[in-house]
Structure formats: C-alpha cells, structure tokens
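Under the working numbering, think of the first position of the sequence shown as 13, with each following residue one higher.
Quick reminder that beta carbons are idealized off the backbone N, C-alpha and C, glycines included.
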Amino acid sequence: MLLGTLLTLLLAGAAPASAHAALRASAPEDGSVVKTAPTHITLTFTESVGLLEDSFRIYGPDNRRVHVEEPEHAAGAADTARAALPRDLDEGTYTVAWRVVSADSHPVSGAFTFSVGKPSPTPPAAPADHAEHPVTKSLYDTGRYLAYIAAALLIGTAAFAALCRPPDTGPLRAPLLFGWWTLLVTTAGLLVLRAPYEKGTSPGTALDLSGFPDTLSGRPGMALMTRVLLLLTAAPLVPFLRRRSLRTRTTAGAVLSVSLALTWASAEHASAGIQVPVAMTSSVLHLLAMAAWLGGLTALLLTLHRAQTPPPYATVARFSRLAFTSVTVLVVTGAYQSWRGLGSWSALPDTAYGRTLAVKLAATVFLLLAAALSRRWTALLARPAAGQERLPALVGASGPPPEPRTTHVTQGTTAEPEAVHRRALRRSVLAEVVVAVAVLLVTTVLTGTLPSRAEAEAATAPEPQVAGLPGAQALTVPYDTGTPGGSGTVQLTMDPGRVGENGLQAVVFGPRGALTAVPELRVTFTLPSKDVGPIDARLTDRGGYWATNDLTLPLEGAWTMKLTVRVSEIDQVTVERGVRITR
Numbered sequence: 013m014l015l016g017t018l019l020t021l022l023l024a025g026a027a028p029a030s031a032h033a034a035l036r037a038s039a040p041e042d043g044s045v046v047k048t049a050p051t052h053i054t055l056t057f058t059e060s061v062g063l064l065e066d067s068f069r070i071y072g073p074d075n076r077r078v079h080v081e082e083p084e085h086a087a088g089a090a091d092t093a094r095a096a097l098p099r100d101l102d103e104g105t106y107t108v109a110w111r112v113v114s115a116d117s118h119p120v121s122g123a124f125t126f127s128v129g130k131p132s133p134t135p136p137a138a139p140a141d142h143a144e145h146p147v148t149k150s151l152y153d154t155g156r157y158l159a160y161i162a163a164a165l166l167i168g169t170a171a172f173a174a175l176c177r178p179p180d181t182g183p184l185r186a187p188l189l190f191g192w193w194t195l196l197v198t199t200a201g202l203l204v205l206r207a208p209y210e211k212g213t214s215p216g217t218a219l220d221l222s223g224f225p226d227t228l229s230g231r232p233g234m235a236l237m238t239r240v241l242l243l244l245t246a247a248p249l250v251p252f253l254r255r256r257s258l259r260t261r262t263t264a265g266a267v268l269s270v271s272l273a274l275t276w277a278s279a280e281h282a283s284a285g286i287q288v289p290v291a292m293t294s295s296v297l298h299l300l301a302m303a304a305w306l307g308g309l310t311a312l313l314l315t316l317h318r319a320q321t322p323p324p325y326a327t328v329a330r331f332s333r334l335a336f337t338s339v340t341v342l343v344v345t346g347a348y349q350s351w352r353g354l355g356s357w358s359a360l361p362d363t364a365y366g367r368t369l370a371v372k373l374a375a376t377v378f379l380l381l382a383a384a385l386s387r388r389w390t391a392l393l394a395r396p397a398a399g400q401e402r403l404p405a406l407v408g409a410s411g412p413p414p415e416p417r418t419t420h421v422t423q424g425t426t427a428e429p430e431a432v433h434r435r436a437l438r439r440s441v442l443a444e445v446v447v448a449v450a451v452l453l454v455t456t457v458l459t460g461t462l463p464s465r466a467e468a469e470a471a472t473a474p475e476p477q478v479a480g481l482p483g484a485q486a487l488t489v490p491y492d493t494g495t496p497g498g499s500g501t502v503q504l505t506m507d508p509g510r511v512g513e514n515g516l517q518a519v520v521f522g523p524r525g526a527l528t529a530v531p532e533l534r535v536t537f538t539l540p541s542k543d544v545g546p547i548d549a550r551l552t553d554r555g556g557y558w559a560t561n562d563l564t565l566p567l568e569g570a571w572t573m574k575l576t577v578r579v580s581e582i583d584q585v586t587v588e589r590g591v592r593i594t595r
C-alpha cells in the first residue's frame, strides 16, 4: 500500500509545470470593463492547482460578498479553475480574491478587479483574512525545518552505523530514537496544520476535522500521511531486522530512506516545473546526501565522545569516504537544482529566490571549509601513532586510553599533539554543525520561495486589453522597495490609450495580493524620440484607487512611463515601463 501511494505521488508530479503557481490569465481580464455580466469567473495558472472550498471570494460594488458556486477545474485542465456567477450582477466594480494550492504544496493567493458596465468610484477591497495567517505559517515553517533536521539525524545515523560499522553502536541509539520521534511528531503536526495553512486561517481551525478528508485528497496531504505510515511501519520491524545480516539491514534502511525522501520530492519544487522525473531524482539524492553527511557527522561526534570502545581508524576512514561522496552528490544535484530554479544568471541578484540561493551557497562554502578542517584534524587524530591500532580514547569516553605497544616513545610526545588535535577537531566540528543548521534553515526558506524561472514565466504572460473599451490598455507593473512589506504590483488602466486626452486609473496591491493604500503614487510619460516630457499624469487619491481624467499625450510613438510608488515616509521606488500610443 505504501509503495503504491509513493508511486501515485511520483506519477502525479510528472506533468510539466512551473514550480509555484502564478496567475497567467483571467476571464474577465484584470481591470477590464465588460458590457454584460459574465456567467463564470475563470482563472488560468502556470501549473496545475488544487482548489479549496472558498478558492474564490467575490465582493460587489457595495463591498458585500457575492455568492458563487463551488469552484472546480475546467474540463481536462488541471491548471484552470472556474466558478459560476449569479446572473443578476449589478453595475460597478467587483474584486475577486483567489487562493489555490500549487502543485508543489505551497498556497498562493491574489486579487484582481473587473467592472460591469462602468467602474465604481471606489473598488471594493479584498479581505485581509484571505492571505496567510502569520501564526499558522510560522508554525508550519517551523515544523518543516524540524522535519528536515530529524530526517538528517535519523537517516544519517543509520547510514553511519551500517556503512562505517563502529564497534560500539550504543551512543547511536539516542539520536536514532530522537530522529524517529521528532520526524513522526513534526510530520503529524504538519498534517494537522495542513488545512489551516492552505486556507490561511488560524491554528485553532485545525480542530475542525471536516476539512481533513480534503487534506488527504491533495498531494501534500498524501505525502505527509505516507511519511507517517512509513515511520509507524518501520518501528516494529527494527527488532526483526536486528537478527538479520548486515546486508539485509542495510537494504531495508536504504529502502526506508529513499521512501522518506520521496515524500519530500513528490510534494515540493521538484514535483513541478521542467524535467520533473530528473528533478525528483535529483531532489531525493540531494536530501539523502545531506542526511548522510550532516547526520553522519553527528553520529561520528557522539561515537568519538561516548563510545565504550573508541572507534578504530577504519571507521573514521569509512566516514571520510562517505562524507566526500555525499559532498560530491550535493554539489552536482545542487548545481542542477539551482539552474532549474533560477533560469538565468541575472535572476541571482534580481529575485528573492536568487538572493536566498546566494545566501545558501555562501553558507555552504563555509560549511565545506569547516568540513575540510574537520577531515584534516580527524585524519591526524585517527592515524595510528607509535604502533597503536585504534583511536586513542577522547575526552568524554569511558576508560583509560589503550596502552601503546611500543615503549620507545618519550612521555608527552604523543599525548600533547593528540590533545591539540582533539581540541581543534572539536572546534571545527562545532563550527560545522552550527553552519549546517544555518544551511538547513536557509534551505527551508528556499523551498517556500517562488523560483525565479516561474516568476519570469508569469511576468511574460501577455498583457490584457480592457474588454468593451477598444484600444484601452491594462498594465500590471511590479514594484519592490527592498523593505519588508514594500513590494507588490500596480495595475493601471489607460482609456483609450491613444493620442489625445486619456483617463488613467491605478490600483495598488501589496505583497499578499490584497488591495493596499500608499501615501503617494506618481506617473509620468516621456517620448524620447521627440524629446517630449516628462508629462505628469497628476494622479489623485480617490479613496482606494488613484486616477485622473486629464492626461494628454500629444504624439504617437513608444512612450516611457515612469511609475513612482512611495510606501512610507522614506521608502519609495521608481519603475519604468514602455507604452505604445497610437492614433
């Protein structure tokens, strides 16, 4: 049953998509004015999406919520969602707030407006409670982070015991149990929080079990439940496997490790985007290599300090080879995943995903330096000295160090270098563990960030024209001041978008996709080829949107529009956009 579920999750992610869903098109179009009321709201995304009971919230000109039918996918199109509208929509502007779950498990939301007949003086505002709930998101992200750490500890410790074969495995029981219990508890917590996380509601709504069947029907919920079942199935098999050969135990551990890794790969970035089968394979290998290195490092440290029998040089040498292999796999798979997520080198400094990836790469470099130091000191400490066959007892180990076989060593010549090497090893390993925890934290943030390739794909979607107003233009311009909460989009409608007098309306959306208020919005137009401008549109705040009816553009041509958004007393940004004006 578990294998069948894993195969279902794997195959379900094999369709081409772009990691993180982004809205590609809507009908009615964003900012459009339609002559007659539409019968449906239809949204098309850049990848397949999962729907919630209230994936669509529509508010009329009077700010009251409009009843819509339960949303559904369009026939044969998992990337298109639609909902039926009432037939008696009044004249005015309607705000559509939407929330769906992308194929890589992350909920995404946004809002847009359309008007029936003519725009309202003040568009209805999208409700703030349709965005992410900060407490729920914090708890869910913390659970994901702890799950990564627990998986590394569980898989890495088991790999160290099976592949490095320390003579005393007693110190490894505690990290194995801790990793198993922590992964089980955090996964169960993520499963309980999944419904509030998808809906953007408070953690208290997790007690409402009515939404649990919907959670289990989605791919992220299936992946979490499969992980719980794998852990519960593995526990009673441990006593049985203890009586089996090392090869049998190693094979069983490998199957469990790969299966656990698949529960991540089947419900995150690797399951959506280009080259899905290759990406999922790379993701599984990346997670396993990370666990074997970081979890194995913890296991080695515990063995060095707490083992009744100090580990022989062969154990340390095997771990050194395991760590080198893991780092090689991490570099190869990490390079592929970075290329897949970025799409271009320019995205590294220009997008949130690229900047987060750069932080991870920098932290990884420090981790590799610390690992190199650890390997050097470990080799010096583990090398047999003066005829010794095994590692000397370290600080914290029980019993005195074994006596060397030779008596020709001057007292102090061996012990003092060993003490120096031991202290250096402990410092480098401590640094390695601290940086490793930071790398895991950045990795968790990265898995929740919109990949640059998907962001670029969404940005290149064709701009809509305003229905019912021939020649009118609708523009969506993103902005980012580089400060918390200082990003979003400005949606502008220019009517008729031709030479002469024009009307210009602008609506500002914040980082969560909800309508937001800003203290200043300025738009100017310049025609460089004729040395005309800048012409200030002189927008005025009309209580929820900015507008003017007196924008005169005297010549046709390729105009440059400069949009300045001020989000606070000191934070503002100016964005340029080309606008074609015809006769």
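Linking A303 to Y365 through their CA atoms gives a straight-line distance of about 23 Å.
Of R177, P178, R206 and A170, the smallest CA-CA separation from W192 is found for A170. The C-alpha of A115 is placed about 11 Å away from the C-alpha of A34. Here P225 is exposed. Its C-beta has fewer than 16 other C-beta atoms within 10 Å. K211: member of the alpha helix (DSSP H) spanning R185 to K211, first to last residue.
Comparing alpha carbon positions, the residue from V120, V577, S117 and L297 closest to T493 is V577. The way I'd put it, the region 86-103 does touch the region 64-73; three or more beta-carbon pairs between them come closer than 8 Å. Under the DSSP assignment, I582 falls outside any alpha helix (DSSP H); it carries neither an H nor an E label. Here DSSP, grouped into helix, strand and coil, assigns K130 to coil.
Residue range H52 to F57 is occupied by the beta strand (DSSP E) that includes L55.
Using a Cβ distance threshold of 8 Å, Y209 and L452 do not count as a contacting pair. With respect to the C-alpha of L312, the residue from T245, I53, A370 and P187 having the closest C-alpha is P187. Rounded to the nearest whole angstrom, the C-alpha separation of G522 and G498 is 8 Å. Per DSSP, the continuous beta strand (DSSP E) segment holding Y106 begins and ends at G104 to S114.
Each residue's CA atom was taken as its position, placing V502 and V80 some 27 Å apart. D180 is a Cβ neighbour of T321, given a cutoff of 8 Å. Taking the Cα positions, A164 is about 21 Å away from A347. Between the region 543-559 and the region 578-589, the count of C-beta pairs closer than 8 Å stays below three; the two stretches do not touch.
Excluding the 5 residues flanking it on each side, T198 has same chain C-beta neighbours closer than 7 Å at G155, L158, A159 and A162, in chain order. Close CB contacts of P215 within its chain, under the 7 Å cut and outside five residues either way in sequence, are with V147, T148, L151, L205 and P208 (chain order). Per DSSP, T227 is not a residue of any beta strand (DSSP E); the alpha helix (DSSP H) it occupies stretches across F224 to S229.
With contacts defined as CB atoms closer than 8 Å, E444 and L379 qualify as a contacting pair. With a beta-carbon spacing of about 6 Å, G308 and L334 fall inside the 8 Å limit used to define contacts.
Taking a C-beta distance under 8 Å as the contact criterion, G212 and G62 do not qualify as a contact pair. Collapsing the DSSP output to three states places P248 in a helix. Shown here, T493 sits in coil according to DSSP, grouped into three states, outside any helix or strand. Of A549, Y557 and D553, the smallest CA-CA separation from K574 is found for A549. Y71: member of the beta strand (DSSP E) spanning F68 to Y71, first to last residue. From the listed residues G43, T48, R76 and P119, the smallest Cα separation to F57 is found for P119. DSSP, reduced to helix, strand and coil, places A448 within a helical segment of the structure shown. Taking T260 as the centre and dropping the five residues before and after it, the same chain places the C-beta of L253 closer than 8 Å to its C-beta, in chain order. Under DSSP, S38 takes part in a beta bridge, and its partners are L55. A check of alpha carbon separations from P540 across T528, R554, G590 and R534 identifies G590 as the nearest. Residue pairing by DSSP places F537 opposite I547 and M573 in a beta bridge.
DSSP assignment within the region 269-335 yields the following whole alpha helix (DSSP H) runs of 4 residues or more, N-terminal first: 288-302 and 308-318.
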